[in-house]
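Enquirer:
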Amino acid sequence: MTENKKKVAAYWASSCGGCDVALLGLHEKIVDLLENAEIVFWPAATDFKYDDLKGYPDDEIDITFFNGGIRTDENEEIANLLRKKSKTLVAYGSCAAQGGIPGLANMSSREELLETVYTKTPTTHNPEGLIPSEVSTRDGVELRLPGLQERVRSLEQAVDVDFFIPGCPPPPNLTQKFLGALLEGELPEKGSVFAGERTVCDECDREWKGKSISEVRRPHEVEIDPDVCLLDQGIICMGPATRSGCGAGCPEVNVPCKGCFGPPAKVDDQGTEMLNSLASILQVGEEGKGLEEERNILSGLRDPIGSFYTYSLPSSIFGGRVDDGGKDE
Ligand code: SF4
Ligand code: SF4
780 MTENKKKVAA YWASSCGGCD VALLGLHEKI VDLLENAEIV FWPAATDFKY
830 DDLKGYPDDE IDITFFNGGI RTDENEEIAN LLRKKSKTLV AYGSCAAQGG
880 IPGLANMSSR EELLETVYTK TPTTHNPEGL IPSEVSTRDG VELRLPGLQE
930 RVRSLEQAVD VDFFIPGCPP PPNLTQKFLG ALLEGELPEK GSVFAGERTV
980 CDECDREWKG KSISEVRRPH EVEIDPDVCL LDQGIICMGP ATRSGCGAGC
1030 PEVNVPCKGC FGPPAKVDDQ GTEMLNSLAS ILQVGEEGKG LEEERNILSG
1080 LRDPIGSFYT YSLPSSIFGG RVDDGGKDE
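Following our numbering, the numbering of the sequence shown begins with 780 at its first residue and continues without gaps.
(1) Is the region 823 to 842 touching the region 863 to 870, taking contact as three or more C-beta pairs under 8 Å?
(2) Strictly by DSSP, which residues pair up with residue 987?
(3) Out of 850, 787, 792, 1007, which one is the CA nearest neighbour of residue 820?
(4) Which residues bound the beta strand (DSSP E) around residue 923?
(5) Give me, in chain order, the residues of the same chain whose beta-carbon lies closer than 8 Å to that of residue 848; leave out the 5 immediate sequence neighbours on both sides.
(6) When the Cα atoms are used, what is the spatial distance from residue 1097 to residue 1104?
(7) In this structure, how does DSSP classify residue 783 when only helix, strand and coil are distinguished?
(8) CA-CA distance, residue 1041 and residue 1087?
(9) Considering only the beta carbon of each residue, do residue 1039 and residue 946 sit closer than 8 Å?
(10) Under 8 Å, with one C-beta from each stretch per pair, do the region 975 to 984 and the region 1013 to 1021 reach the 3-pair mark?
(11) Where do the N-terminal and C-terminal ends of the alpha helix (DSSP H) with residue 832 fall, by residue?
(12) Counting by C-beta, which residues lie closer than 6 Å to a heavy atom of ligand 1, in chain order?
(13) Between residue 810 and residue 844, is the Cβ-Cβ spacing less than 8 Å?
(14) So, at 8 Å on beta carbons, what are the nonlocal neighbours of residue 780 in its own chain, with the 5 sequence-adjacent residues on each side left out?
(15) According to DSSP, is residue 931 part of a helix, a strand, or is it coil?
(16) Mark residue 1057 as exposed unless 16 or more other C-beta atoms lie within 10 angstroms of its C-beta, in which case mark it buried.
(17) In angstroms with no decimal places, state the Cα-to-Cα distance between residue 951 and residue 1033.
(18) Between 914, 895, 958, which has its C-alpha nearest residue 905's C-alpha?
(19) Residue 871: buried (16+ other C-beta within 10 angstroms of its C-beta) or exposed?
(20) Do you know how far the Cα of residue 970 is from the Cα of residue 941?
(21) Within 10 angstroms of the Cβ of residue 1052, are there 16 or more other Cβ atoms? Answer buried if so, exposed if not.
(22) Could you check what DSSP says for residue 1034 in three-state terms: helix, strand or coil?
(23) Using CA atoms only, rank isn't needed, just tell me which of 1031, 909, 892, 1026 is closest to residue 1120.
(24) With DSSP run on the structure shown, which of helix, strand or coil describes residue 841?
(25) I need the straight-line Cα distance from residue 804 to residue 957, nearest angstrom please.
(26) Of all the beta strand (DSSP E) runs that stay within the bounds of the region 836 to 923, which reach a length of 3 or more residues?
(27) So is the beta-carbon of residue 847 under 7 Å away from any non-hydrogen atom of ligand 2?
(28) Out of 974, 1079, 830, 987, state which residue places its alpha-carbon closest to the alpha-carbon of residue 995.
(29) Beta carbon of residue 1022, beta carbon of residue 1008: below 8 Å?
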């Protein structure tokens, strides 16, 4: 082990674990990383404990890849600890960068979520209607669970973040680009997003014919033309409201972009950006009937929040239905 090895950490907060797998998915590049780096904390892959982390001096870790949003008191505690122990903190993946899919839970209060998950789902067998509590006692022993916070936050909404690598999960080429810059000592300015500046449409090969649409259709309802823009075919594709950098991999295989890279540079709110794009292509004819016609077309859109903010609700201007106190906003 050389003196110059970078000390690297990775952590998994409220997420599915796919971003940890994405780090392992660097294939042969992980060998380059391990040659030049020393893993000092990575609970999903190695046997480090929180006490190991607490024992490090401040700024001991050169780089931490933090994936997952902040949903529990434990997530927040470790985010603060890693911030203190790391020179550079990276929000890795959509959940850390924008709140991610778990952030859609911000449309429900904590109580509604717990009640649904523990008593209402068809596969739940819970005749006593028990809902976990933070503190409980069993055989005289007090048991504690991390507190479930009122809402999901992105990492930046909890602690200071240096860089962002978006994606669900981030594609290997962006992680490799970041590692290359790190190892060469050529990281860009703080706050940079390791992705493109423009939109997924800018890197999509499908032809946009600029047609207006008379109905919103779901992918399974259409025999998709593989060469024509999905929006032209009435399918909601988040490409116009999503940051470039993935190479438009989803539309390339007939799957509409769901927006996992978050909004493009200089756009604050992905959902309103998409609404703007959509409004400009709705087919409305006779004067005076526009609003009614728009409503009819948009009635085909089953879940506007879930469609427009799949990955970015916590970091959007709207933010969700509940505030930090669990009240309707
Ligand atoms: S809307 Fe989707 S399918 Fe159309 S150009 Fe943009 S990314 Fe491609
Ligand atoms: S096309 Fe959209 S959903 Fe698919 S990887 Fe790219 S940004 Fe994510």
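Even glycine gets a Cβ: it sits at the ideal position worked out from N, Cα and C.
Expert: From the atom records:
(1) Because the criterion of three Cβ pairs below 8 Å is met, the region 823 to 842 and the region 863 to 870 touch.
(2) In the sequence shown, counting from the first residue as 1, residue 987 sits at position 208. Residue 987 has no beta-bridge partner at all, per DSSP.
(3) For the purposes of this step, residue 820 is taken as the residue at position 41 of the sequence shown. Of all alpha-carbon atoms in 850, 787, 792, 1007, the one lying nearest the alpha-carbon of residue 820 is that of 787.
(4) Stepping through the sequence shown from its first residue, residue 923 is reached at position 144. Taken as a continuous stretch (DSSP letters only), the beta strand (DSSP E) holding residue 923 covers 920 to 923.
(5) Here the question's residue 848 lines up with position 69 in the sequence shown. Result list for residue 848: 792, 793, 794, 854, 874, 875, 878, 879, 881, 882, 931, 932, 933, 934, 1093, in chain order.
(6) As a position in the sequence shown, residue 1097 is number 318, starting the count at 1. As a position in the sequence shown, residue 1104 is number 325, starting the count at 1. Each residue's alpha carbon lies about 16 Å from the other.
(7) By 1-based counting over the sequence shown, the position of residue 783 is 4. Look at residue 783 here: in three-state DSSP terms it is coil, with no helix or strand label.
(8) Mapped onto the sequence shown, residue 1041 falls at position 262. Mapped onto the sequence shown, residue 1087 falls at position 308. Distance between the alpha carbons of residue 1041 and residue 1087 is about 10 Å.
(9) Stepping through the sequence shown from its first residue, residue 1039 is reached at position 260. Stepping through the sequence shown from its first residue, residue 946 is reached at position 167. Their beta carbons are under 8 Å apart, which means residue 1039 touches residue 946 by this criterion.
(10) Contact check between the region 975 to 984 and the region 1013 to 1021: three or more CB pairs, one atom from each, fall below 8 Å, which counts as touching.
(11) If you number the sequence shown from 1, residue 832 lands on position 53. 829 to 834 is the span of the alpha helix (DSSP H), which, as asked, contains residue 832.
(12) Those residues that have a beta carbon less than 6 Å away from any non-hydrogen atom of ligand 1 are, in order along the chain, 979, 980, 983, 985, 987, 1008, 1009, 1010, 1016, 1018, 1019, 1027, 1030, 1036.
(13) Mapped onto the sequence shown, residue 810 falls at position 31. Mapped onto the sequence shown, residue 844 falls at position 65. No. Outside cutoff.
(14) For the purposes of this step, residue 780 is taken as the residue at position 1 of the sequence shown. Unreliable placement is indicated for residue 780, whose pLDDT of 45 sits below 50; the coordinate value is still reported in the next sentence. Once the five neighbours on either side are set aside, the close Cβ partners of residue 780 are 817.
(15) Within the sequence shown, numbered from 1, the residue matching residue 931 stands at position 152. Strand, per DSSP.
(16) The residue labelled residue 1057 in the question sits at position 278 within the sequence shown. Burial call: buried.
(17) Working through the sequence shown from its first residue, we reach residue 951 at position 172. Working through the sequence shown from its first residue, we reach residue 1033 at position 254. Each residue's Cα considered, the two are about 22 Å apart.
(18) For the purposes of this step, residue 905 is taken as the residue at position 126 of the sequence shown. Residue 895 is the option with its Cα nearest to residue 905.
(19) Position 92 of the sequence shown holds residue 871. By the 10 Å Cβ count, residue 871 comes out buried.
(20) As a first step, residue 941 must be located in the sequence shown, where it is residue number 162. As a first step, residue 970 must be located in the sequence shown, where it is residue number 191. Here the alpha carbons of residue 970 and residue 941 stand approximately 5 Å from one another.
(21) Against the sequence shown, residue 1052 aligns to sequence position 273. Burial check for residue 1052: the Cβ neighbour count within 10 Å reaches 16 or more, so the residue is buried.
(22) Walking along the sequence shown from the start, residue 1034 turns up at place 255. Three-state DSSP puts residue 1034 in coil, outside helix and strand.
(23) One cannot answer for residue 1120 here, as it falls past the ends of the chain, which runs 780 to 1108.
(24) By 1-based counting over the sequence shown, the position of residue 841 is 62. Look at residue 841 here: in three-state DSSP terms it is strand.
(25) By one-based count along the sequence shown, residue 804 stands at place 25. By one-based count along the sequence shown, residue 957 stands at place 178. For residue 804 and residue 957, the distance between alpha carbons rounds to 15 Å.
(26) Listed in chain order, they are 840 to 846, 849 to 851, 865 to 871, 914 to 917, 920 to 923.
(27) In the sequence shown, residue 847 corresponds to position 68, counting from 1. With a threshold of 7 Å, the Cβ atom of residue 847 does not count as near ligand 2, since no heavy atom of the ligand is closer than that.
(28) Counted from its first residue, the sequence shown places residue 995 at position 216. That would be 1079, whose Cα lies nearest to the Cα of residue 995.
(29) For this step, residue 1022 is matched to residue 243 along the sequence shown. For this step, residue 1008 is matched to residue 229 along the sequence shown. Result no, Cβ atoms of residue 1022 and residue 1008 do not sit closer than 8 Å.
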